[in-house]
Structure formats: C-alpha cells, structure tokens
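Student: Residue numbering for the sequence shown is 910 to 1175, as defined by the working numbering. A virtual CB, placed ideally from N, CA and C, is assigned to each residue, including glycine.
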Amino acid sequence: MPGMTAAPTPTPAKRPRVPKTVWDLIFTLVIPILILSPNILGSGISIAEQVFGGGTTGNVRAYLLAALIPVAYVLWDLLVNRNVSPVALIGGAGALFSGALAFWYVDGFWYAIKDSARSYLTGLLFLISAATSVPLFRVFIDATSIGESPEHRAATQIAMRDPVVRRGLVQGTVVFAVVDLIGGVVNSVVNYQRVTAKFGTDDFNAQIAAVNAVMRVPGLIISLVGVMGAVWLLNRAVKARYGEGASLFEPGKLAERLRERGEPVA
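1. Could you check which residue in PRO941, THR930, VAL931 and PHE1006 has the C-alpha nearest to that of ALA1115?
2. Helix, strand or coil for LEU903, going by three-state DSSP, please let me know.
3. Counting along the chain, where does the alpha helix (DSSP H) carrying SER1028 start and finish?
4. State the DSSP-derived secondary structure class of ALA975, mapped to helix, strand or coil.
5. Using only alpha-carbon positions, find the residue among LYS1162, VAL1073 and ALA1139 that is nearest to PHE1035.
6. Is LEU1129 closer than 8 Å to ILE1050 when the C-beta atoms are compared?
7. Sort THR965, TYR1029 and SER1058 by Cα distance to TYR1014 and report the nearest one.
8. Just verifying my parser: in three-state terms, what is the DSSP assignment at ILE940?
9. Residue range of the alpha helix (DSSP H) that VAL1104 falls in?
10. Relative to the C-alpha of VAL1120, which candidate in VAL1099, ASN990, VAL1136 and GLU1057 has its C-alpha closest?
11. Is ILE1055 helix, strand or coil when you go by DSSP?
12. With a threshold of 8 Å, are at least 3 pairs of Cβ atoms found where one atom belongs to the segment 1146–1161 and the other to the segment 1091–1106?
13. Note down the Cα distance separating ASP1071 from ALA1040, rounded to an integer number of angstroms.
14. Provide the residue span of the alpha helix (DSSP H) that contains GLU1177, from first to last.
15. Go ahead and pull the three-state DSSP assignment for ILE954.
16. Please determine if the segment 1055–1065 and the segment 1102–1113 are in contact, where contact requires at least 3 C-beta pairs separated by less than 8 Å.
17. If we count the other Cβ atoms within 10 Å of its Cβ and call it buried at 16 or more, is MET913 buried or exposed?
18. Quick one: give me the first and last residue of the alpha helix (DSSP H) that ASP931 is part of.
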C-alpha cells in the first residue's frame, strides 16, 4: 500500500563452520581407518573387497589409498589456503615423505620403523639445527608472531637474537627433538607388538587401523609434552634476560621491556 515500506529481508544466519581440527581428524584418522577395516562398523563392507577386488592386490590398494588420503588432504590444504609459512611447509614436506614411504612394502620390524620414520627424521633435523645459527624451534615462534603488528614482531625478532634467549631456543629445540624421537620409539614398539600379520593381508590392514586408533591420543600427548617443555625453557630464558612477566608470546609487554632498556623497537 502507498506510504508503507517493505520489511527488510532478513539476513540468513551464517552456518557454523566445521573446525579445522575436525576435518584433520576425519581425513587423517577416520577415513584411513575405515578404508583399512575389513568390516566397516560391523556392516560386512570392506573397501579392499568390494572396491578393489579383495586378495593381496585389493588389500595393497586399500593400504595405499588409506596412506595417501592424508597426504592429499595436507597438500590440498596448503594449496587452497596458500599457506607458505615455514611450519606449513614443514608439515607438507613431512606429508610427502610419509606418502613416499607408503610404497615401501614391508611388515614386522621394518614396518614399525617405517611408521615412525617421520618422527625420527623430524627429531634428527631439529637436533642438527640446534648446532646451527637457526634452531628449528624458532620456526614455530616466528609463526606465532605472523599476525602481530610490525613493532611487536620486531620486538620478538630482537629478543630471539639475544644470546641468552637464543640459548633457550637451542635448549627448546633439543628438548622438542628428543621428545619427538621418544615418541617415534614408543610408536615403533607398539607397532612391532601389534602389527604382526604379513603385508597385503586382511589382518595386516586391520592391525594397522587398530594401532592408528590406539596411538593417536598418546602420540598427540607426547608431541604436546615436547612443545610445552621447549616453550618453558624459552620463556625461562626470556624472563632471565628481560625480567619477570616478559614473554615472546606477549610481544606488547616484551616491546615495553625493550624500550625500558633503551633498545630501539622499529
């Protein structure tokens, strides 16, 4: 009618996004386990049997698919998000390494080593880097400051060049590496004890699926212990150099401490 205005069109509510952690679990754990299972959720369905024809060939193809889907997911995530941070690139390189190892058809002792090879390689690289001018744990610290203001990021970089803080970075890198190596050994032991079937059999795939499910949480806990230990050593070094309350993870306070000491923060 004249003089009346139309009611505004309601804005459709945004659907809540699925957290990335959930997608990570789906593509790196849930889907591979379902592919490897000879009896998916008690349904009698087997990817190796129904999709790939069964037998050794079917089991090997199912094994490769389960191993390569996490690799494809990590690489897709890198490309779509255009994430070229050092941490993301390290993760991508690790995924490619794991994907290449999928074509190493072994069982028993060598499978137990292969399944932890990524942890062993990461641990060794971090240990070696601790003796260089760029301890690799610094990569993680750099990543946390990417979104900070130029001043705050500069404060973080200045602090990490300080000899006392750098010593903490080296110690943190060593601790992270050692814990990662320990995690690899634990994973190898569990795999050696539980994955006893021959490669290419139903039992082999089923045992891998079971171990992957069992080891995911302990593996995450071990990794978290390594990160927490490294962060504690680094924060201890920062406090020793710049005083109580200073932290690389609070760059605003760190910038204030630097200015108090007469160190320019540009």
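Tutor: Let me lay it out:
1. For the purposes of this step, residue 1115 is taken as residue 206 along the sequence shown, with counting starting at 1. Considering only alpha carbons, the answer is PRO941.
2. With the chain represented from 910 up to 1175, any question about residue 903 goes unanswered, as that position is not in the structure.
3. Along the sequence shown, one-based indexing puts residue 1028 at 119. That run of the alpha helix (DSSP H) goes 1026–1038.
4. Along the sequence shown, one-based indexing puts residue 975 at 66. Note: ALA975 maps to helix in three-state DSSP.
5. Along the sequence shown, one-based indexing puts residue 1035 at 126. Among LYS1162, VAL1073 and ALA1139, the Cα nearest to that of PHE1035 belongs to ALA1139.
6. The residue given as residue 1050 occupies position 141 in the sequence shown. The residue given as residue 1129 occupies position 220 in the sequence shown. Going by C-beta atoms, ILE1050 is not nearer than 8 Å to LEU1129.
7. Walking along the sequence shown from the start, residue 1014 turns up at place 105. Among THR965, TYR1029 and SER1058, the Cα nearest to that of TYR1014 belongs to THR965.
8. For the purposes of this step, residue 940 is taken as residue 31 along the sequence shown, with counting starting at 1. Residue state, collapsed to three classes: helix.
9. Here residue 1104 is taken as the residue at index 195 of the sequence shown, counted from 1. That residue, VAL1104, is in no alpha helix (DSSP H); it is neither H nor E in DSSP.
10. Here residue 1120 is taken as the residue at index 211 of the sequence shown, counted from 1. When only C-alpha atoms are compared, the closest one is VAL1099.
11. For this step, residue 1055 is matched to residue 146 along the sequence shown. When DSSP states are grouped into helix, strand and coil, ILE1055 belongs to the coil group.
12. The segment 1146–1161 is not in contact with the segment 1091–1106.
13. In the sequence shown, the residue the question calls residue 1071 occupies position 162. In the sequence shown, the residue the question calls residue 1040 occupies position 131. Spanning the alpha carbons of ASP1071 and ALA1040 requires a straight line of approximately 16 Å.
14. Residue 1177 is absent from the structure shown; the chain starts at 910 and stops at 1175.
15. Along the sequence shown, one-based indexing puts residue 954 at 45. Coil.
16. When C-beta atoms of the segment 1055–1065 are compared with those of the segment 1102–1113, fewer than three pairs fall below 8 Å, so the two segments do not count as touching.
17. Within the sequence shown, residue 913 is the residue found at index 4, counting from 1. Because MET913 sits at a pLDDT of 49, beneath the cut-off of 50, its placement in the model cannot be relied upon, and the point is left open.
18. Taking the first residue of the sequence shown as position 1, residue 931 is located at position 22. For the sequence presented, residue 931 should be read as Val rather than Asp. For VAL931, the uninterrupted alpha helix (DSSP H) run begins and ends at 929–934, by DSSP.
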